[in-house]
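As structure tokens, the structure follows; a few thoughts come after it.
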Amino acid sequence: MADAMTSRISFIFSAAIVGFFLLFRVASPISIDTAYMIDTTFLANLGWRGVNGLSPVLDYWHFYGGFTEANLTLAFQLFGVSMKSVDFAFALIFSEAAALLALLSVKRLSCTSFWLLLAISATIILGPISIEDGYLPYTNHSFVYNHFAMIVIIAVSIFAINSRSEYASLDILSSLIVGMTLLILALTKPTFLVVAPFAVAACAIRKDLRAAALIVLGFVLALVFLDPWAVRFRGSLNEIMLMGQIERAGGLHGRMQHTLLTLIAHAGYLVVLGYFLWLFAKGKTMRTASFFASIFLCAAAFGAATLSMNGRPDLMMLPMIILLLTILSDRLKNQTHRSLGYFSATVMGAVLILPAAYHSGKTWLRMNEAKLSQLITEGPLANYVVLEPATPSELPSHVVFEVRLETAVSEAAKRLKSGGQIRARDPYVVLADGVHLLNQISDVSNYGIITRGSTFDFTVPMTSRPVPSFPVWPLQRSTSLLDVSEVDIIMSVRYYTAPDHLSPEATAIIAQEFRTCRESTFFILSVRRSNMDVPCN
Numbered sequence: 000m001a002d003a004m005t006s007r008i009s010f011i012f013s014a015a016i017v018g019f020f021l022l023f024r025v026a027s028p029i030s031i032d033t034a035y036m037i038d039t040t041f042l043a044n045l046g047w048r049g050v051n052g053l054s055p056v057l058d059y060w061h062f063y064g065g066f067t068e069a070n071l072t073l074a075f076q077l078f079g080v081s082m083k084s085v086d087f088a089f090a091l092i093f094s095e096a097a098a099l100l101a102l103l104s105v106k107r108l109s110c111t112s113f114w115l116l117l118a119i120s121a122t123i124i125l126g127p128i129s130i131e132d133g134y135l136p137y138t139n140h141s142f143v144y145n146h147f148a149m150i151v152i153i154a155v156s157i158f159a160i161n162s163r164s165e166y167a168s169l170d171i172l173s174s175l176i177v178g179m180t181l182l183i184l185a186l187t188k189p190t191f192l193v194v195a196p197f198a199v200a201a202c203a204i205r206k207d208l209r210a211a212a213l214i215v216l217g218f219v220l221a222l223v224f225l226d227p228w229a230v231r232f233r234g235s236l237n238e239i240m241l242m243g244q245i246e247r248a249g250g251l252h253g254r255m256q257h258t259l260l261t262l263i264a265h266a267g268y269l270v271v272l273g274y275f276l277w278l279f280a281k282g283k284t285m286r287t288a289s290f291f292a293s294i295f296l297c298a299a300a301f302g303a304a305t306l307s308m309n310g311r312p313d314l315m316m317l318p319m320i321i322l323l324l325t326i327l328s329d330r331l332k333n334q335t336h337r338s339l340g341y342f343s344a345t346v347m348g349a350v351l352i353l354p355a356a357y358h359s360g361k362t363w364l365r366m367n368e369a370k371l372s373q374l375i376t377e378g379p380l381a382n383y384v385v386l387e388p389a390t391p392s393e394l395p396s397h398v399v400f401e402v403r404l405e406t407a408v409s410e411a412a413k414r415l416k417s418g419g420q421i422r423a424r425d426p427y428v429v430l431a432d433g434v435h436l437l438n439q440i441s442d443v444s445n446y447g448i449i450t451r452g453s454t455f456d457f458t459v460p461m462t463s464r465p466v467p468s469f470p471v472w473p474l475q476r477s478t479s480l481l482d483v484s485e486v487d488i489i490m491s492v493r494y495y496t497a498p499d500h501l502s503p504e505a506t507a508i509i510a511q512e513f514r515t516c517r518e519s520t521f522f523i524l525s526v527r528r529s530n531m532d533v534p535c536n
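For the sequence shown, numbering that gives the first Met the number 0 assigns the number 0 to the initial residue and increments by one for each residue that follows.
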């Protein structure tokens, strides 16, 4: 009776959390960021390229294999090309992760444990703040590929720790789906393939060789249909290696140091988990030893995957600790110990859920400010805005849009020219200035546009033709591969610049074939000398 009541309370709690975060993503009229605008425009660029029939790695250089891009493309196709559709893509990604979690929890996890994990999944994927940042109070759209992977690894771990259920047919189906999921993980981010051997080993160590073999079979089948000859996986992995991501993360020494810091940051949670491991281990048996070994392998898989997720170590392992605590609680025979286990897992879950829920509510309350702060009111960015992290003491002045834009651009330019501090909203102001300049050109959507000196993307705001050889995330190696023949307009940034990394050959061709056409406060717009259709100043 107590377990039934606990399950009902857990269901109500989970339904409220999931519903709240879903509404936050899909029902808010304006999509808001207070940091990392580049990540949001990066995601939108991927979706727009997908709408135009381009696939990552196959058609343009990219360091991820295509799963996130597929969801962004689907969201753009279903809900229209806009920054708000990025929020809908998050909802799609959560739905897929939740469905997998539900399937692999059947006959393997109690309802109480499942509902708690579902609430945590919604928090991590749909919430406005990032677990990688240690929950700093910045609303953003960053790291969605990491967040999806976290929940998928948790779902896979549920199966790997307890691959046998009452129904053989369910076990066979689940094994195949786990194998296919591991391939999807690798296409989400190639470094996530590290989870696969751990999952297979966890099943094998519990002497479920059938499950281990079927996981391998499911992976191979998915590879044949989704990525023949592993072209996308190998291409994305090669891109990561050439970009120097490993060196940038400090190499082996840096990752070992990060692991140590992670363990220290989670010391209190690990002590609680250790206590319940001790409760479960009373009266040790060989079966208990293999169970503990599978737990260790799944925790190691999650930890290994997080080493390629970047960010701070503060909270990264907490979702896996909560999973292991719920699995142990489900298996404890003593009702008091079981209830204490569920309570401890819920308290840990609250560490993730409550700050995200508070920040979501706080962001909702800024909707009026968001409407009055918009600098782009037409096109795909009409329902998107970047605000400063802290609520200003006064709302933006009720001036006409043109004056609001002119004032914001003038203030930012004056400050940046004099070497003043860069603010969170500055990228949005600069982007708005560029959009305003491009809107002066008729039929701008027919042109291929790139940006020099920054990571700003104008193909989505202007719904213009993508330039496949220009990377979605401009870095030295990928940018040097630019095919200038695909380019019609170049937006060169001033006062808010970064290296453009173009090759000497491309730079020479641009100097020869392009001419300065128009200027705004932050941009110099250049067009081909042969293009006489664009009126220039």
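All C-beta atoms in this analysis are idealised placements derived from N, C-alpha and C, irrespective of residue type, glycine included.
Just so it is clear, the structure is predicted and the values come from calculations on it, not from any experiment.
Straight through space, the alpha carbons of residue 150 and residue 274 are spaced by roughly 25 Å. Membership of residue 32 in any alpha helix (DSSP H) is not indicated; the residue belongs instead to the beta strand (DSSP E) covering 30-32.
DSSP places residue 520 in no beta strand (DSSP E); its state is neither H nor E.
Residue 450: not part of any alpha helix (DSSP H); member of the beta strand (DSSP E) spanning 448-451, first to last residue. Residue range 230-241 is occupied by the alpha helix (DSSP H) that includes residue 230. Following the DSSP letters along the chain, one finds residue 490 in no alpha helix (DSSP H) but inside the beta strand (DSSP E) bounded by residues 488-492. The residues 99, 151 and 155, in chain order, have a CB closer than 7 Å to that of residue 180 in the same chain once the five nearest residues on each side in sequence are set aside. Using a 10 angstroms sphere on the CB of residue 85, the tally of other CB atoms reaches 16 or more, which defines it as buried. Membership of residue 177 in the alpha helix (DSSP H) is indicated by the continuous run 167-187. Remark: C-beta atoms of residue 433 and residue 497 do not approach each other more closely than 8 Å.
Where residue 383 is concerned, the enclosing beta strand (DSSP E) starts and stops at 383-385. Under the three-state reduction of DSSP, residue 388 is assigned to coil, being neither helix nor strand. Here residue 446 has 463, 464, 487 and 488 as same chain residues with Cβ atoms under 7 Å from its own Cβ, once five neighbours each way along the sequence are excluded. Taking a cut-off of 8 Å on C-beta distances, the stretch 398-409 touches the stretch 370-378, as three or more cross pairs fall below it. Taking a contact to require three or more Cβ pairs closer than 8 Å, the stretch 123-133 and the stretch 186-205 do not qualify as touching. Here residue 23 is actually not in contact with residue 114; their C-beta atoms are around 19 Å apart, not less than 8 Å.
The beta-carbon separation of residue 76 and residue 56, rounded to 21 Å, does not stay under the 8 Å limit for a contact. Nearest to residue 309 by alpha-carbon distance, out of 257, 269 and 73, is 257. Taking a contact as a CB-CB distance under 8 Å, the pair residue 96 and residue 124 counts as one, their CB atoms being some 6 Å apart. By the Cβ test, the stretch 57-75 is not in contact with the stretch 409-417, since fewer than three Cβ pairs between them sit closer than 8 Å. Assigned with DSSP and collapsed to three states, residue 194 falls in helix. For residue 212, the uninterrupted alpha helix (DSSP H) run begins and ends at 208-225, by DSSP. Residue 48 is positioned such that its CB atom lies closer than 8 Å to that of residue 59.
Of 83, 62 and 529, the smallest CA-CA separation from residue 71 is found for 83.
Our two residues, residue 304 and residue 230, have alpha carbons roughly 22 Å apart in a direct line. Counting only the Cα atoms, residue 513 lies some 10 Å from residue 507. Check the Cα spacing between residue 379 and each of 444, 362 and 337: the tightest is with 444. Put simply, the backbone Cα of residue 385 is about 19 Å away from that of residue 88.
In the three-state scheme derived from DSSP, where H, G and I count as helix and E and B as strand, residue 503 is classed as helix. Excluding five sequence positions before and after residue 188, the CB atoms of its chain that fall closer than 6 Å to its own CB belong to 63 and 144, given in chain order. Residue 315 places its beta carbon 8 Å or farther from that of residue 298. Beta-bridge annotation (DSSP): residue 464 is paired with 447.
For residue 83, the enclosing alpha helix (DSSP H) stretches over residues 83-104. Residue environment for residue 484: exposed (fewer than 16 other C-beta atoms within 10 angstroms of its C-beta).
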